[in-house]
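Novice: Numbering (the working numbering), first residue to last: -18 to 200.
No residue lacks a Cβ here, since even glycine has one placed at the ideal position from N, Cα and C.
Handing you this structure, nothing more for now.
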Amino acid sequence: MTDFDETEPLKITIESIRAQKNGEEMQIIAVIENGSARDVHKLVILTEQYCALKPKKGAITEEQFDALETAARLCGAIRSGQSALSYGSASVLHLTQKIMRHGYSKEEATAAAERLRDAGLINEDDQLAREVEKCLRKLWGARRIQNHLWSKGFAKEAFSSLPSLLEPVDFAENCAALIRKHNGTLPQDSAARKKLYASLVRYGYSPEEIRAAFRLVQK
């Protein structure tokens, strides 16, 4: 709330309440008066928040105003999250970070992202599966895929499906395909082969998978 002169009486009044966005939101105009000072606040909250808080036109307390202001901040964070999701999917953590960039606190952004997840707008299981598919098309190894998913901020619960997604994958064959794609055949020079080995480790392949891939390419 705006700072006022504590020696003057504080009066807070709701002057108007009206629905907007086809009834999804409620716009509340609240006026704070402190002596000669007058501060007008336009607060937009979700209709479900309005039903829970039940504000009415007329005088309200500071506590009631603070509750409305908190609800308006959450509403704004939710709308920011919805806008971000319209440009592409995101995990709860990734969406929280996007919302925070618009000036919301971590608590506000987290609450908004979780609300959107609970509303069915974020399905981390499906998103994780799509990310795994993208990584496999790039011929990444299991370790690099897992690190990539952690960097995307997927929740631990979503990771429970990762073993079943990777189980059918022949990573030795994928590694061999990667070698053929970039090198055609195995280099004969020892130094070049070591360099290739190090590159494949960075792609997320294990030593066993790389040795098996070398044998496949040699055949």
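Taking Cβ to Cβ, would you say alanine 236 is nearer than 9 Å to leucine 66?
Specialist: As shown, the chain starts at -18 and ends at 200. That puts residue 236 outside it, with no answer to give.
Novice: What are the partner residues of asparagine 15, as DSSP defines its beta bridges?
Specialist: As a first step, residue 15 is located in the sequence shown; it is residue number 34 there, counting from the start. Bridge partners of asparagine 15: Leu(-9) and Ala18.
Novice: So, at 6 Å on beta carbons, what are the nonlocal neighbours of lysine -8 in its own chain, with the 5 sequence-adjacent residues on each side left out?
Specialist: As a working note, residue -8 is residue 11 in the sequence shown. Only Glu14 meet the Cβ criterion.
Novice: Taking serine 187 as the reference, which of Arg174, Ala153 and Val21 has the closest Cα?
Specialist: By one-based count along the sequence shown, residue 187 stands at place 206. For the residues Arg174, Ala153 and Val21, the minimum Cα distance to serine 187 belongs to Ala153.
Novice: Less than 9 Å between the beta carbons of isoleucine 26 and alanine 0, yes or no?
Specialist: For the purposes of this step, residue 26 is taken as residue 45 along the sequence shown, with counting starting at 1. For the purposes of this step, residue 0 is taken as residue 19 along the sequence shown, with counting starting at 1. No, these two residues do not count as a Cβ contact at 9 Å.
Novice: Can you give the Cα-Cα distance for leucine 167 and leucine 197, rounded to whole angstroms?
Specialist: Here residue 167 refers to the residue found at position 186 when the sequence shown is read from its first residue. Here residue 197 refers to the residue found at position 216 when the sequence shown is read from its first residue. Distance between the alpha carbons of leucine 167 and leucine 197: 10 Å.
Novice: Just the C-alpha distance for alanine 173 and serine 180, rounded to the nearest angstrom, thanks.
Specialist: Position 192 of the sequence shown, counting from 1, holds the residue named residue 173. Position 199 of the sequence shown, counting from 1, holds the residue named residue 180. Whole-angstrom Cα-Cα distance: 11 Å.
Novice: By DSSP, does glycine 57 sit in helix, in strand, or in coil?
Specialist: Translated into the one-based positions of the sequence shown, residue 57 becomes position 76. Three-state DSSP puts glycine 57 in a helix.
Novice: With a floor of 3 residues, list each beta strand (DSSP E) that falls wholly inside the segment 75 to 118, ordered by position along the chain.
Specialist: You should have found no qualifying run.
Novice: Quick one: measure Cβ to Cβ for glycine 57 and leucine 76, integer angstroms, because I've assumed they're closer than 8 Å.
Specialist: For the purposes of this step, residue 57 is identified with residue 76 of the sequence shown, where counting begins at 1. For the purposes of this step, residue 76 is identified with residue 95 of the sequence shown, where counting begins at 1. With a Cβ gap of about 14 Å, glycine 57 and leucine 76 do not count as contacting.
Novice: Rounding to the nearest angstrom, what Cα-Cα distance links lysine 200 and aspartate 151 in this structure?
Specialist: Here the question's residue 200 lines up with position 219 in the sequence shown. Here the question's residue 151 lines up with position 170 in the sequence shown. Each residue's alpha carbon lies about 17 Å from the other.
Novice: Going by the beta-carbon positions, is the gap between isoleucine 160 and alanine 193 smaller than 9 Å?
Specialist: Locating residue 160 in the sequence shown gives position 179, counting from the first residue. Locating residue 193 in the sequence shown gives position 212, counting from the first residue. Cβ distance not < 9 Å, so isoleucine 160 and alanine 193 don't count as in contact.
Novice: Going by DSSP, what residues sit across from arginine 183 in a beta bridge?
Specialist: In the sequence shown, the residue the question calls residue 183 occupies position 202. In DSSP, arginine 183 forms no bridge with anything.
Novice: Could you have a look at methionine -18 and say whether DSSP puts it in helix, strand or coil?
Specialist: Locating residue -18 in the sequence shown gives position 1, counting from the first residue. Only weak support is given to the placement of methionine -18: the predicted model assigns it a pLDDT of 47, under 50, and the value that follows is read from those uncertain coordinates. In the structure shown, methionine -18 sits in coil (DSSP, three-state: anything other than H, G, I, E or B).
Novice: Between which two residues does the beta strand (DSSP E) containing alanine 136 stretch?
Specialist: Taking the sequence shown and counting its residues from 1, the one referred to as residue 136 is at position 155. No beta strand (DSSP E) contains alanine 136, which DSSP labels as neither H nor E.
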